[in-house]
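Reading through the structure tokens given below for one structure.
Number of protein chains: 2
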Amino acid sequence: MLNLKSYADLIEDELNNIQLPNSPIELYDPITYFLQIGGKRIRPILTLLAAELFSLEKTNVIPQALAIEIFHNFTLIHDDIMDLAPLRRNQLTVHEKWDNNVAILTGDALMIIAYQHLGRIKLEFLPEAFESFNKTALEVCEGQQMDMDFETRNDVTIHEYIEMIRLKTSVLLGAALHLGAVVSKASASDKEALRVFGENIGIAFQIQDDILDLYADPSKFGKQIGGDVIANKKTILQLTAITKANSEQIDIINQLQSEENLDFKISRTKELFDHLNVKHDCVELMEKHYTIALNALESINVSQKNKEPLVELAKFLITRDL
Amino acid sequence: MLNLKSYADLIEDELNNIQLPNSPIELYDPITYFLQIGGKRIRPILTLLAAELFSLEKTNVIPQALAIEIFHNFTLIHDDIMDLAPLRRNQLTVHEKWDNNVAILTGDALMIIAYQHLGRIKLEFLPEAFESFNKTALEVCEGQQMDMDFETRNDVTIHEYIEMIRLKTSVLLGAALHLGAVVSKASASDKEALRVFGENIGIAFQIQDDILDLYADPSKFGKQIGGDVIANKKTILQLTAITKANSEQIDIINQLQSEENLDFKISRTKELFDHLNVKHDCVELMEKHYTIALNALESINVSQKNKEPLVELAKFLITRDL
Chain A
1 MLNLKSYADL IEDELNNIQL PNSPIELYDP ITYFLQIGGK RIRPILTLLA
51 AELFSLEKTN VIPQALAIEI FHNFTLIHDD IMDLAPLRRN QLTVHEKWDN
101 NVAILTGDAL MIIAYQHLGR IKLEFLPEAF ESFNKTALEV CEGQQMDMDF
151 ETRNDVTIHE YIEMIRLKTS VLLGAALHLG AVVSKASASD KEALRVFGEN
201 IGIAFQIQDD ILDLYADPSK FGKQIGGDVI ANKKTILQLT AITKANSEQI
251 DIINQLQSEE NLDFKISRTK ELFDHLNVKH DCVELMEKHY TIALNALESI
301 NVSQKNKEPL VELAKFLITR DL
Chain B
323 MLNLKSYADL IEDELNNIQL PNSPIELYDP ITYFLQIGGK RIRPILTLLA
373 AELFSLEKTN VIPQALAIEI FHNFTLIHDD IMDLAPLRRN QLTVHEKWDN
423 NVAILTGDAL MIIAYQHLGR IKLEFLPEAF ESFNKTALEV CEGQQMDMDF
473 ETRNDVTIHE YIEMIRLKTS VLLGAALHLG AVVSKASASD KEALRVFGEN
523 IGIAFQIQDD ILDLYADPSK FGKQIGGDVI ANKKTILQLT AITKANSEQI
573 DIINQLQSEE NLDFKISRTK ELFDHLNVKH DCVELMEKHY TIALNALESI
623 NVSQKNKEPL VELAKFLITR DL
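As given, the protein sequences belong to chains A and B, one line each in that order. Okay, so the first sequence: first residue is 1 according to my numbering, each after it adds one. Okay, so the second sequence: first residue is 323 according to my numbering, each after it adds one.
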């Protein structure tokens, strides 16, 4: 049985042990604050599990696990500015608690600190890790830009949407695993399969996240049901609905965008989506990526026993009462 | 005779040859725009000159020269957001031409692209280069934070101010030289001396920049005389004046902060500064750092002839009609 907490605790300890400079405190206080408000630490846990998949001691991959988690935190701080988000993990975001300038600079510094940890990787593995990290980091920026562009576009396709979530969130899961495997003597194809596993688990997770917005059990869902509908967000549900709708239904969807009675907006949207069988299609798409992920893991040349923790983590991430 | 243009042209060519991804164009267009609006390319030129100081062909250090210049451009884009600057090199800043979110993300991507170029350094030199680059990059963030903090403080000391300009701008000149020297077989002390040269040339240059605000020849100065005075900026002139002023003069300085007749504000400030012999003290401080720089260069174990281009560049940077 995978004990996620023990892995998360290891990461938490390592994050707490990071020695930051003392001054200027106006720069380092927000960094300490943000690193300590938590999170599930899924990405660095993936890095640790990737090492163990290839029978390596997980302490060998702490530098890259921290680099990935710190980079992720940098993206959250800058994304929160762009999204005008007041809260993150139920705490004030950096730009809310301080201001935009502090949040910009804190994010910048965190990215550099991520690279400092990457630089602690043994020299023989550094070029592969560095290249993988840089490529992924740039892809994450591309995904964020696509996400912003989509806000003002009315012709986003499902294909483009999947590519956006792949870049914005999934490639980092793939890189987290790849960086954990870098220190192994695994074949290039095994490492690539592991990356494919991570990327597709990430896509499946994001699709599920979109589905849960309307179809979660309210008693178990931490957020308001229909939040994406209220915000007119282009989710996989919305894009699938548009693909399947006839012109009359398209009109209804468009009218609902400006509906001010929010309960009606949500219930009418759900009714329409149900009529169009949208949830079914989205679950199918999610399962497609989940299956690609598991098949990729299956193909890796290690024992079944070594694969179990990753299979378990994948299940944990995807099974959330759909 | 040092032909700066030939070095700048080489950097310009290399920057133009960078192959950026095609999409999303909303991310890469601003990057292309900003890299092409120019600049003196002093930092990457220092990297090339550092290689030549140790009799190495300058083409050996193109990756780190580009990394330094691209990193510098990232800092400009983010600083321009924080400073609400509408123009950079007489062109619209990225946040003005596009918006803040684009400028945040463009800057982030540029930093990653800088690391991609750093990653092209030969493996044997990578750890030293990577560590130097990371350390410097974080110091630049610290300097920017200090600069922002100073805006709301009334007790900034000359010592703190010099430390701020050292971090915000000078360490990057030092790193530019150090990264050029990394591929040489130079001793650690020679490389360190070169870094000290760059850092102190940078400090001297910034002090000179502050002095020129009030004491430049208007016919040769590209900016408005007294712009820093109008903006109540804490410059080395202002901080030196406060150190030397008696309580009555302090009162005058404080009153002038809110003076609305700008011509009077500038002329009265200058009169007071002249009375306190402020320019003399600041020139002395500038010359102190200039001398530290030249002495550090002098100590390096290569021929006098090899040092000449750097001596010439130092003179070029510092001698601007004081």
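Where is the CB? At the ideal position from N, CA and C, for every residue including glycine. None of these values were measured; they are calculated from a predicted model.
Compare the beta carbon distance of residue i and residue j with 7 Å and say whether it is the shorter of the two.
i: residue 524(B); j: residue 491(B); result: yes
i: residue 92(A); j: residue 140(A); result: no
i: residue 237(A); j: residue 273(A); result: yes
i: residue 328(A); j: residue 2(A); result: Because chain A spans 1 through 322 in this model, residue 328(A) falls outside it and cannot be assessed.
i: residue 77(A); j: residue 103(A); result: yes
i: residue 20(A); j: residue 28(A); result: yes
i: residue 432(B); j: residue 392(B); result: yes
i: residue 47(A); j: residue 174(A); result: no
i: residue 233(A); j: residue 276(A); result: no
i: residue 447(B); j: residue 383(B); result: no
i: residue 63(A); j: residue 121(A); result: yes
i: residue 299(A); j: residue 193(A); result: yes
i: residue 522(B); j: residue 394(B); result: no
i: residue 474(B); j: residue 352(B); result: no
i: residue 270(A); j: residue 214(A); result: yes
i: residue 365(B); j: residue 330(B); result: no
i: residue 552(B); j: residue 584(B); result: yes
i: residue 68(A); j: residue 176(A); result: yes
i: residue 286(A); j: residue 224(A); result: no
i: residue 138(A); j: residue 434(B); result: yes
i: residue 50(A); j: residue 58(A); result: no
i: residue 301(A); j: residue 190(A); result: yes
i: residue 22(A); j: residue 404(B); result: no
What residues from chain B crowd round residue i, counting only those whose CB sits closer than 7 Å?
i: residue 134(A); result: 434, 437, 438, 441
i: residue 149(A); result: 346, 348
Can you tell me the Cβ-Cβ gap for residue i and residue j, rounded? I've got them flagged as a contact below 8 Å.
i: residue 562(B); j: residue 480(B); result: 7 Å
i: residue 575(B); j: residue 548(B); result: Contact doesn't hold; Cβ gap of about 15 Å is too wide.
i: residue 99(A); j: residue 88(A); result: Contact doesn't hold; Cβ gap of about 16 Å is too wide.
i: residue 306(A); j: residue 438(B); result: Actually they are not in contact, since the Cβ atoms of residue 306(A) and residue 438(B) sit about 33 Å apart, beyond 8 Å.
i: residue 24(A); j: residue 464(B); result: 6 Å
i: residue 127(A); j: residue 445(B); result: 6 Å
i: residue 197(A); j: residue 297(A); result: 5 Å
i: residue 26(A); j: residue 550(B); result: With a Cβ gap of about 23 Å, residue 26(A) and residue 550(B) do not count as contacting.
i: residue 178(A); j: residue 132(A); result: 5 Å
Kindly say whether residue i, judged by its beta-carbon, lies nearer than 7 Å to any beta-carbon of chain B.
i: residue 105(A); result: yes
i: residue 72(A); result: no
i: residue 78(A); result: yes
Can you confirm whether residue i, when its beta carbon is compared against all beta carbons of chain A, has any partner nearer than 7 Å?
i: residue 452(B); result: yes
i: residue 459(B); result: yes
i: residue 500(B); result: no
i: residue 481(B); result: no
i: residue 417(B); result: no
i: residue 386(B); result: no
i: residue 467(B); result: yes
Which residues in chain A have a C-beta closer than 9 Å to the C-beta of residue i? List them in chain order.
i: residue 463(B); result: 27, 105, 106, 108, 109, 112
Could you name the residues of chain A that residue i contacts, counting a contact when the two beta carbons are closer than 7 Å?
i: residue 403(B); result: 104
i: residue 423(B); result: 82, 148
Along chain B, which residues have their Cβ under 8 Å away from the Cβ of residue i?
i: residue 123(A); result: 445, 448, 449
Which residue marks the beginning of the alpha helix (DSSP H) containing residue i, and which one marks its end?
i: residue 180(A); result: 171-181
i: residue 196(A); result: 188-215
i: residue 549(B); result: 549-552
i: residue 244(A); result: 236-244
i: residue 48(A); result: 42-53
i: residue 67(A); result: 62-82
i: residue 132(A); result: 126-151
i: residue 107(A); result: 100-118
i: residue 486(B); result: 480-487
i: residue 349(A); result: Beyond the ends of chain A as shown, which are 1 and 322, falls residue 349(A); an answer cannot be given.
i: residue 356(B); result: 347-358
Hey, would you say the C-beta of residue i is under 6 Å away from at least one heavy atom of the ligand ZN?
i: residue 444(B); result: By its list of ligands, the structure shown contains no ligand whatsoever, and the ligand ZN lies outside what it can speak to.
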